[in-house]
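Per the working numbering, the sequence shown starts with residue 7, numbered consecutively. Okay, structure first, notes after.
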Amino acid sequence: MSKTSLKALTGRIAEKNGIPEAFFKNLIQTESSFDPEALSPKGAMGLGQIMPDTAKELGLDISGDKAPGSVWHPESNLDASARYLKKLYDKYRKEGITDKEAWKFAAGAYNAGMGNISKAINKISYGPVKKWNQVAEVLPQVTGKYSQETIRYVNRLRA
7 MSKTSLKALT GRIAEKNGIP EAFFKNLIQT ESSFDPEALS PKGAMGLGQI MPDTAKELGL
67 DISGDKAPGS VWHPESNLDA SARYLKKLYD KYRKEGITDK EAWKFAAGAY NAGMGNISKA
127 INKISYGPVK KWNQVAEVLP QVTGKYSQET IRYVNRLRA
């Protein structure tokens, strides 16, 4: 499948899942440069760079098979990535975070893991957490040197 076809598919899947198209395309570009066979040194797989445990939770086959339902199948990977991103977004919206900020929180959680973002939120001692910048301030206490990667990641994805 060509990059042009993958970008069009990414747009359709974003729309189907209620995700801003530019935001989701930026995420996939950042994660894999639209390479369906991308494999990170940490084991993240495919277009959306889904970690093995997350892939299993999302119902994807993580064997080398490239059939529909596999993490290596472009449409299946994009759909699972979109469902996961939307799940993260919905979580933060339910916590009262505004639309724009919820996408930032979702991107941060997609990159650093929901558990790490939750730990950062729990470290904030002043008022309710409503802005990504609040999390970015304390993220180094949770993820150390990797915090800057997550902060840059969120900044790159802004729709």
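Yeah, the Cβ is synthetic: ideal placement off N, Cα and C, and Gly gets one too.
Burial state of residue i (16 or more Cβ within 10 Å)
i, result
"proline 80", "buried"
"glutamate 107", "buried"
"proline 74", "exposed"
"alanine 14", "exposed"
"alanine 28", "exposed"
"proline 200", "The requested residue 200 is not part of the displayed model; the chain covers only 7 to 165."
"glycine 168", "Not covered by the structure: residue 168. The range shown for the chain is 7 to 165."
CB of residue i within 9 Å of CB of residue j, strictly
i, j, result
"alanine 88", "asparagine 23", "yes"
"glycine 114", "isoleucine 103", "no"
"tyrosine 90", "tyrosine 116", "yes"
"glutamine 205", "alanine 126", "Here the chain comprises residues numbered 7 to 165, so residue 205 is not present and cannot be evaluated."
"isoleucine 34", "leucine 84", "yes"
"alanine 118", "tyrosine 95", "no"
"lysine 110", "arginine 164", "yes"
"leucine 64", "serine 76", "no"
"alanine 61", "alanine 20", "no"
"tyrosine 112", "lysine 136", "Per the sequence shown, residue 112 should be read as alanine rather than tyrosine. No, Cβ-Cβ distance for alanine 112 and lysine 136 is not below 9 Å."
"leucine 12", "phenylalanine 30", "no"
Separation of residue j from residue i, as counted between CA atoms
i, j, result
"glycine 49", "glutamate 101", "31 Å"
"threonine 36", "threonine 156", "12 Å"
"serine 8", "glycine 121", "35 Å"
"arginine 139", "serine 46", "The amino acid occupying residue 139 in the given sequence is asparagine; arginine does not appear at that position. In a straight line, the C-alpha of asparagine 139 is about 28 Å away from that of serine 46."
Coil, strand or helix - residue i by DSSP
i, result
"isoleucine 56", "strand"
"aspartate 41", "coil"
"methionine 51", "strand"
"aspartate 67", "strand"
"serine 82", "helix"
"serine 8", "coil"
"serine 46", "coil"
Residue i: CB within 8 Å of a non-hydrogen atom of the ligand COA
i, result
"phenylalanine 40", "The ligand content of the structure shown is nil, which means the ligand COA is not present either."
Integer-rounded CB distance, given that residue j should sit under 8 Å from residue i
i, j, result
"serine 38", "glycine 52", "7 Å"
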